[in-house]
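Asker: What follows is a structure written as structure tokens; I'll ask about it next.
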Amino acid sequence: MHRRRRDRSPLRGDRPRNGVYNGRDFADETTVSKTSKAKRDKRKKQQPQRAFTRLDREQPIANHAVLQDENGRVLAAIGLQGRQWLLAVGGQSMGNADNPVPMLAMLKHLANLQEQEGNTITLDYSAQLQQMIDVLAAAESKTAAEYLDALVAEFAEQDNTQRSDDDHAGTEHNANAIAGADATASNATDALHADDTQPHT
Numbered sequence: 001m002h003r004r005r006r007d008r009s010p011l012r013g014d015r016p017r018n019g020v021y022n023g024r025d026f027a028d029e030t031t032v033s034k035t036s037k038a039k040r041d042k043r044k045k046q047q048p049q050r051a052f053t054r055l056d057r058e059q060p061i062a063n064h065a066v067l068q069d070e071n072g073r074v075l076a077a078i079g080l081q082g083r084q085w086l087l088a089v090g091g092q093s094m095g096n097a098d099n100p101v102p103m104l105a106m107l108k109h110l111a112n113l114q115e116q117e118g119n120t121i122t123l124d125y126s127a128q129l130q131q132m133i134d135v136l137a138a139a140e141s142k143t144a145a146e147y148l149d150a151l152v153a154e155f156a157e158q159d160n161t162q163r164s165d166d167d168h169a170g171t172e173h174n175a176n177a178i179a180g181a182d183a184t185a186s187n188a189t190d191a192l193h194a195d196d197t198q199p200h201t
């Protein structure tokens, strides 16, 4: 005895599920994929430029000082990762230290050099850095401006001395020596100028 096979007709409103359900209808997967990619690309363009590359994905870096040109391009920055202060110049990691104030003085020195060359530069830093300057300045009976300017002058003097020695000896700078209050700004200046020769998008 043969049983007659019953054809199951699709229910009213059923559609072939060859796409992605969007709440009311099934959209073609190719269309959805292109739309999602366009949205991701748009979000990436809208995100601010990162001063630091992600050195540790589990511990983000918070920017506390940013040196920018007139186009908003980040030339140098100071960031805090955990309890460690980091310095980046021209896209290169230049060192780290427990005290970021000398780093800030270095950025101000770099800003002065750029302005002497006719470039428009802005240096913004956080209230936390300002508070640290205030404390250090008070310990030496100075104003915050006097304390920071004195550090900037030291970097300028060290930079000029280092360049004079290098010109006389015909040697090149070592770009790995910057960290802490005793570091010179020559290497950072070289990195900054080297970054200017690279194409930027």
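So the sequence shown is residues 1 to 201, counted in UniProt numbering.
All C-beta atoms in this analysis are idealised placements derived from N, C-alpha and C, irrespective of residue type, glycine included.
#1: Who pairs with isoleucine 121 in a beta bridge, going by DSSP?
#2: Hey, would you say isoleucine 78 sits closer than 7 Å to proline 100, going by beta carbons?
#3: Span of the beta strand (DSSP E) holding glutamine 59?
#4: What first and last residue would you give for the beta strand (DSSP E) that runs through asparagine 96?
#5: Going along the chain, which residues of its own chain have a beta-carbon closer than 6 Å to the beta-carbon of glutamate 122, five neighbours each way excluded?
#6: Does the beta-carbon of aspartate 159 have 16 or more other beta-carbons within 10 angstroms, so that it is buried, or is it exposed?
#7: CA-CA distance, proline 102 and isoleucine 133?
#8: If we ignore side chains and look at the alpha-carbon of each, how far apart do asparagine 119 and glutamate 140 end up?
#9: Hey, could you find the ends of the beta strand (DSSP E) glycine 82 is sitting in?
#10: In whole angstroms, give me the CA-to-CA distance for glutamine 116 and leucine 75.
#11: With a threshold of 16 other CB atoms inside 10 Å of the CB of asparagine 71, please say whether the residue is buried or exposed.
#12: I'd like the list of long-range same chain contacts for alanine 105, defined as Cβ closer than 7 Å, with 5 residues on each side in sequence excluded.
#13: Between the Cα of glutamate 157 and those of Ala145, Ser126, Leu110 and Gln128, spot the shortest distance and give me the residue it belongs to.
#14: Taking the Cβ atom as the reference point for each residue, do leucine 80 and alanine 62 lie within a distance shorter than 7 Å?
#15: I'd like to confirm the pairing. Which residues does DSSP put opposite methionine 74 in its beta bridges?
#16: Roughly how many angstroms separate the alpha carbons of leucine 113 and serine 126, rounded to a whole number?
#17: What does DSSP give as the partner residue(s) for alanine 88 in the beta ladder?
Answerer: In terms of the structure at hand:
#1: Locating residue 121 in the sequence shown gives position 121, where the first residue counts as 1. BP columns for isoleucine 121 point to Asp69.
#2: Locating residue 78 in the sequence shown gives position 78, counting from the first residue. Locating residue 100 in the sequence shown gives position 100, counting from the first residue. It is a contact, given that the beta carbons lie within the stated cut-off.
#3: What you label residue 59 is simply residue 59 of the sequence shown in a count that begins at 1. No beta strand (DSSP E) contains glutamine 59, which DSSP labels as neither H nor E.
#4: Stepping through the sequence shown from its first residue, residue 96 is reached at position 96. Segment 92-97, the beta strand (DSSP E) holding asparagine 96.
#5: By one-based count along the sequence shown, residue 122 stands at place 122. The residue you asked about is not glutamate; residue 122 is threonine in the sequence shown. Closer than 6 Å at Cβ, skipping near neighbours: Gln68.
#6: Within the sequence shown, residue 159 is the residue found at index 159, counting from 1. Looking at its Cβ environment, which holds 16 or more other Cβ atoms inside 10 Å, aspartate 159 is buried.
#7: Locating residue 102 in the sequence shown gives position 102, counting from the first residue. Locating residue 133 in the sequence shown gives position 133, counting from the first residue. When rounded, the distance between both Cα atoms is 10 Å.
#8: Position 119 of the sequence shown, counted from the first residue, corresponds to residue 119. Position 140 of the sequence shown, counted from the first residue, corresponds to residue 140. If I take the Cα positions, the gap works out to 34 Å.
#9: Position 82 of the sequence shown holds residue 82. Looking at the DSSP string, glycine 82 is not in any beta strand (DSSP E), and its letter there is neither H nor E.
#10: The sequence position of residue 116 within the sequence shown is 116, counting from 1. The sequence position of residue 75 within the sequence shown is 75, counting from 1. Those two C-alpha atoms are separated by around 16 Å.
#11: Indexing the sequence shown from 1 puts residue 71 at position 71. Its Cβ having fewer than 16 others within 10 Å, asparagine 71 is exposed.
#12: The residue labelled residue 105 in the question sits at position 105 within the sequence shown. If we look at alanine 105 and ignore the five residues flanking it on each side, its Cβ neighbours are Leu148, Leu151, Val152 and Phe155.
#13: Taking the sequence shown and counting its residues from 1, one reaches residue 157 at position 157. With distances taken between Cα atoms, glutamate 157 lies closest to Leu110.
#14: Counted from its first residue, the sequence shown places residue 80 at position 80. Counted from its first residue, the sequence shown places residue 62 at position 62. Result yes, Cβ atoms of leucine 80 and alanine 62 sit closer than 7 Å.
#15: For this step, residue 74 is matched to residue 74 along the sequence shown. Here the sequence assigns valine to residue 74, which means methionine is not the residue at that position. Answer is Gln68, bridged to valine 74.
#16: Stepping through the sequence shown from its first residue, residue 113 is reached at position 113. Stepping through the sequence shown from its first residue, residue 126 is reached at position 126. When rounded, the distance between both Cα atoms is 22 Å.
#17: The count along the sequence shown starts at 1 and reaches residue 88 at position 88. DSSP output for alanine 88 lists Ala77 and Ser93 as bridge partner(s).
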